[in-house]
Structure formats: structure tokens, C-alpha cells
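> In our numbering, the protein residues as written are 176 to 323.
#1: Once the 5 residues before and after residue 239 are set aside, which same chain residues still bring their CB inside 7 Å of it?
#2: Which parts of the stretch 187-227 are runs of the alpha helix (DSSP H), unbroken and 4 residues or longer, counting only runs that do not cross its ends?
#3: Please report how far the alpha carbon of residue 317 lies from the alpha carbon of residue 275, in whole angstroms.
#4: Quick check on residue 289: buried or exposed, where buried means 16 or more other Cβ atoms within 10 Å of its Cβ?
#5: From 198, 270, 311 and 214, pick the residue whose C-alpha is nearest to that of residue 223; which is it?
#6: Is residue 334 buried or exposed, if buried means 16 or more other CB atoms sit within 10 Å of its CB?
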């Protein structure tokens with residue numbers, strides 16, 4: 176059976192995806208419970224969000240180059256999440272709210288793009304929708320805790 180015919184998310188993929196949400200939620204919780212740790216926790220959330228953007232862009236790049244007819248447009252667009260995350264990390268810590276809002280917007284756009292992917296298993300859109308939603312919840316929690 177080819178992976179494109181599978182309709183349920185493999186358990187290991189689901190488990191790893193969910194574990195990957197912990198760093199979206201933990202920094203805001205730490206910053207909320209221990210305000211003295213907020214500067215480091217806010218930076219940790221921003222860095223993790225940017226790293227995951229790069230990871231997701233790399234996934235799209237990999238999908239694009241694995242197809243028989245490489246689409247130059249998709250390969251080029253797949254570089255944008257990494258560049259967006261890097262650019263957003265350059266925002267000074269004093270503007271953490273803007274930084275986290277930009278990262279949330281970038282994750283939303285990437286999630287919507289991934290849910291429309293056609294060269295992936297059928298379960299992928301549902302998984303990406305769930306993971307994007309919870310990443311956005313973590314970033315919103317971070318905004319509430321770290322934005323001045």
C-alpha cells in the first residue's frame with residue numbers, strides 16, 4: 176500500500192508531532208509562573224517557533240524536489256519560512272509581542288499552505304491543521320505573557 180492511500184496518521188508521527196508542541200506551550204507557562212524567567216522563556220519560544228518554521232519549509236522543499244517534475248516555484252517558496260523566521264528573530268526583545276505575532280502569522284500561513292499540499296498522504300492535512308492550531312495557541316499564550 177502506498178503512503179498516499181493511508182487515511183490515518185501513523186501513531187509515531189502523531190506522537191512526535193504532539194511532543195513537538197510542548198516547546199510552544201512550556202515557555203509561556205514558565206514565564207507566567209516565574210516572571211523572573213520571562214526574558215529567557217520568551218526568547219526560547221521565539222527561537223523554537225522560528226526553528227519549526229524552518230523545519231516545515233524544509234519539508235515542503237523536500238516534497239517539491241522529490242516529485243518527478245520539480246516545480247521551481249514551490250522550491251523557491253519553500254525557502255520563505257526559514258527567511259521569515261530568521262528575519263523575525265532579528266526583532267529586538269523589547270518588541271517581543273510583534274515578534275511572536277509575526278511568528279504566529281507565519282505559522283498560520285505555512286499551516287494553510289501545508290494543508291493544501293497534494294503530494295502527501297491523505298492524513299497530512301488533518302495533522303498539520305491540528306499541530307498548527309496548537310502552535311498558534313502556544314504563541315497566543317506567549318503573546319499574553321511576554322508582550323508589554
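The C-beta atom is built at its ideal place from N, Cα and C for all residues, glycine as well.
By the coordinates alone:
#1: As a first step, residue 239 is located in the chain shown; it is residue number 64 there, counting from the start. Cβ within range, chain order: 245, 246, 249, 250 and 253.
#2: 197-208
#3: Residue mapping note: residue 317 aligns to position 142 of the chain shown, counting from 1. Residue mapping note: residue 275 aligns to position 100 of the chain shown, counting from 1. Spanning the alpha carbons of residue 317 and residue 275 requires a straight line of approximately 7 Å.
#4: Residue mapping note: residue 289 aligns to position 114 of the chain shown, counting from 1. Its Cβ being crowded by 16 or more others within 10 Å, residue 289 is buried.
#5: Working through the chain shown from its first residue, we reach residue 223 at position 48. When each option's Cα is compared against that of residue 223, the closest is 198.
#6: This structure cannot settle anything about residue 334, because the visible part of the chain is limited to 176 through 323.
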